[in-house]
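J.:
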Amino acid sequence: MLHQSVATLEVHFPTVPLIQFPMDLHDKKLRGKLQYGEKLINQSAKAAAKFEQWLLPSEAGYLEPEGLEQTKNFSQEAIVSNVDISSARKAFDIQLPALGPYTLDFSPSGRYLVFGGRRGHLATIDWKSTHLVSELQVAETTRDVKFLHNELFFAAAQKKYVYIYDKKGTEIHCLKEHTFPLKLEFLPHHFLLVSVDKFGSLRYQDTSTGLMVAQHRTHLGRCSVLRMNPYNAVVGLGHNNGSVTMWSPNMSKPLVTLLCHHGPVTAVAFESQGQQMITAGMDGKVKVFDLRKYVALHAYFSKSPAKSLDISQQGLLAVGEGSNIEIWRDALTSKQYKPYMTHHLPKGWQISNLLFCPYEDTMGIGHSGGLSSILVPGSGEANFDTFVANPFETVKQRQEAEVHLLLDKLQPEMIALDPKQIGSIRREPKEHSQMKSQQALEANRAAAIMAGKLVVVRHKKKGRDKPTKRQKRKQNNIITAKRPLIEAQIHSKSSLKKAKISDQTLPLALRRFA
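Its first residue numbered 1, the sequence shown is counted upward by one per residue in the UniProt record's numbering.
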């Protein structure tokens, strides 16, 4: 019999000062209320102390140089030698030069990794245990791979069509509507698989029902740059004329067309809050755009055109150019002049794409020589929400999460630049409201005139009922009916005049806030 020693876990909570109320009160009702309030306050204080002890919120840790050191000079060998064994195992190189270049993608929880070679090699591994889950050779050109809503299914953009495989590598579907795909993207909250082909056609397909939601022609030629904005599920396309277009399945024309570079766009990335967009072009520039005003904040220059961009959960920017990788810290909010980390691939391997692993301080790199993983301290989110993604979920938890995702599925019509507009009140434009008020005023005036004309004039005695006097009395009735409308109009004009006079006392820069 195998005996296991069970260690008792003792948690010591800090002593919470109790609040005491005077108990020598003669009013029993007041004394009871005070005692009940004292009990609630003490319970809430103890619960707050337990909350701090149990959760232990962690913070992201970055590289800290000493003296004249610079973090960009730290090599991966030095970082691996100073971390624990479990973290050191996440830095590795898989050399497959005969089947590259490789593209990769992480599952939403960051536990699984799928990668595909240009010559048809597809594989899925468990990122935590480095266990090979599945491997297959499709003997066909594979340009991109993408996980769907979880690690059970992934899509591969092959030579002619898009194929969907399960966790074991079995082919499940062949999506023949997606012809000659170059790039894939998946919208997890809408269950939409997005692809763009070599003719510049953008397609949306619902993976839960199998229906083709939308097909758009960009009319801008071949496009191999596709990225989703995680804030509003709008996809961005980079084109050869230097522009970036943003699309939704609801409109056949782009929501936004932004000229970013003086040459073809090579990579696009979006910040998780949807406020910044980073683009790279053949002109050797990496630009940061503010999506609230659609203006360029600042730009960085690279020795060669950047091939891939990515932004971590903590806001680190990774730029892959040639065989060099630069990682920038706080590069989105302000202009930086030296990178946070650098890494050079051996043997001159060329980068095809790179991605930060969710909830881990690692980054996966797909290149012409295979697959690499490096450690990037401070890149991953330290505290994960199990209702969003759970790297340690069981089979039962995964099934429940899949059911919740399907129940909370959003319709494609809800994709917009500003998702906060959904559920809000649609306010009428000022011109329409002014037009309606003017029409109502004219209608009231016409009704008053008609009511004055229809008033029956009482006949008076001889000599006082001449036609001229009768007409004058009718005119007086019309004026009396129109008087309230004219007085209200005069009052509104006087109030507007007073408001304009008061606005003129303010400086010109502050009048728009008055």
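The beta carbon of each residue, even a glycine, is placed where N, CA and C say it ideally should be.
All of these numbers come straight from a predicted model, not from anything done at the bench.
To the nearest angstrom, report how far apart S272 and G315 are at their CA atoms.
T.: About 8 Å.
J.: For residue 518, which three-state DSSP category applies?
T.: Outside the shown range of the chain (1 to 514) lies residue 518, about which nothing can therefore be said.
J.: In the DSSP output, what is D290 paired with across the bridge?
T.: In the DSSP output, where bridge partners are listed per residue, D290 has Q276 and V295.
J.: Does the beta-carbon of N150 have 16 or more other beta-carbons within 10 angstroms, so that it is buried, or is it exposed?
T.: N150 is buried by the Cβ-count criterion.
J.: Please work out which residues of its chain come closer than 6 Å, Cβ to Cβ, to S312, disregarding the five sequence neighbours upstream and downstream, and give them in chain order.
T.: F356 and S379, listed in sequence order.
J.: Check whether the Cβ of D290 lies closer than 7 Å to any Cβ atom in chain D.
T.: Any reference to chain D falls outside this structure, which holds one protein chain only.
J.: Quick one: grab the DSSP three-state call for Q215.
T.: Correct three-state label for Q215: strand.
J.: Just to confirm my understanding: we take D105, look at its own chain, exclude 5 residues before and 5 after, and list those with CB closer than 6 Å. What are they?
T.: The answer, listed in chain order, is V114, V145, K146 and F147.
J.: Pull up the DSSP beta-bridge partners for I125, would you.
T.: Answer by DSSP bridge pairing, in chain order: L113 and L132.
J.: Look at the alpha carbon of E428 and the alpha carbon of E413, and state the distance between them as a whole number of angstroms.
T.: Taking the straight line joining both Cα atoms gives about 21 Å.
J.: Report the three-state DSSP secondary structure of M1 (helix, strand or coil).
T.: Caution is warranted here: a pLDDT of 36 is assigned to M1, below 50, making its placement in the model unreliable, and the coordinate value is therefore given only provisionally. Here M1 sits in coil by DSSP.
J.: Tell me which residue opens and which closes the alpha helix (DSSP H) that S243 is part of.
T.: Looking at the DSSP string, S243 is not in any alpha helix (DSSP H); the run it does join, the beta strand (DSSP E), is S243 to W247.
J.: Quick check on the DSSP output: the alpha helix (DSSP H) that includes R398 runs from which residue to which?
T.: Looking at the DSSP string, the run of the alpha helix (DSSP H) that includes R398 is V395 to L407.
J.: So what does K285 bridge to, in DSSP terms?
T.: K285 pairs with F301.
J.: Does the distance from the CB of R89 to the CB of P391 come in under 7 Å?
T.: Result no, Cβ atoms of R89 and P391 do not sit closer than 7 Å.
J.: Suppose contacts are defined by Cβ-Cβ distances below 7 Å. Is T257 in contact with S248 by that definition?
T.: Not a contact, by the Cβ cut-off of 7 Å.
J.: Decide if the region 258 to 266 is in contact with the region 294 to 312; the criterion is three or more beta carbon pairs, one per stretch, under 8 Å apart.
T.: In short, these stretches touch, since the Cβ pair count reaches three.
J.: Which complete beta strand (DSSP E) runs does the region 318 to 389 hold, if anything under 3 residues is left out?
T.: DSSP runs (the beta strand (DSSP E)) wholly in the region 318 to 389: 324 to 328, 341 to 344, 351 to 356, 362 to 367 and 370 to 375.
J.: Provide the residue span of the alpha helix (DSSP H) that contains A88, from first to last.
T.: Unbroken alpha helix (DSSP H) run through A88: I85 to A88.
J.: Does any heavy atom of the ligand GDP sit closer than 6 Å to the C-beta of Q273?
T.: Because no ligand of any kind appears in the structure shown, any question about the ligand GDP cannot be addressed here.
J.: For the region 363 to 377 against the region 95 to 103, do three or more pairs of beta-carbon atoms, one drawn from each stretch, fall closer than 8 Å, so that the two count as touching?
T.: Enough Cβ pairs lie closer than 8 Å, so yes.
J.: Would you mind stating whether V162 and H178 have Cβ atoms separated by less than 7 Å?
T.: Yes, the Cβ-Cβ distance between V162 and H178 is below 7 Å.
J.: Out of A155, P264, Y204 and A389, state which residue places its alpha-carbon closest to the alpha-carbon of G221.
T.: Checked all of A155, P264, Y204 and A389; the closest Cα to G221 is P264.
J.: Measure the C-alpha to C-alpha separation of L134 and H121 and round it to an integer number of angstroms.
T.: It should be pointed out that residue 134 corresponds to Ser in this sequence rather than to Leu. Cα to Cα, the separation comes out at about 11 Å.
J.: Whole angstroms is fine: what's the gap from D361's alpha carbon to G37's?
T.: Straight-line Cα distance between these residues: approximately 46 Å.
J.: Given this structure, state the Cα-to-Cα distance separating S433 from R483, to the nearest angstrom.
T.: Roughly 24 Å between the two C-alpha positions.
J.: What three-state label does DSSP hand E487 in the structure shown?
T.: Looking at E487 - three-state DSSP - the assignment turns out to be helix.
J.: What are the start and end residues of the beta strand (DSSP E) that includes T142?
T.: Element bounds for T142: T142 to F147.
J.: Report all residues from its chain with a CB closer than 6 Å to the CB of S494; omit the five preceding and five following residues, and keep chain order.
T.: Same-chain partners within the cutoff: there are none.
J.: Just mark R329 as buried or exposed, buried being the case when its beta carbon has 16 or more other beta carbons within 10 Å.
T.: That one is buried.
J.: Could you give the DSSP three-state label for L68: helix, strand or coil?
T.: It is coil, neither helix nor strand.
J.: Which of the three DSSP states is assigned to residue 542 in this structure?
T.: For residue 542 there is no data in the structure shown, the boundaries of the chain being 1 and 514.
J.: Spatial neighbours of D290 within its chain, please: C-beta separation below 6 Å, excluding the five flanking residues on both sides.
T.: Excluding positions up to five away in sequence, the list reads L297.
J.: Short of 6 Å in beta carbon distance, which residues of its chain neighbour Q158, apart from the five on each side in sequence? Order them along the chain.
T.: Closer than 6 Å at the Cβ level, and outside the excluded window around Q158, lie E140 and T142.
J.: In this structure, how does DSSP classify K159 when only helix, strand and coil are distinguished?
T.: Of the three classes helix, strand and coil, the one that applies to K159 here is coil, per DSSP.
J.: Is DSSP giving V138 helix, strand or coil here?
T.: Three-state DSSP puts V138 in coil, outside helix and strand.
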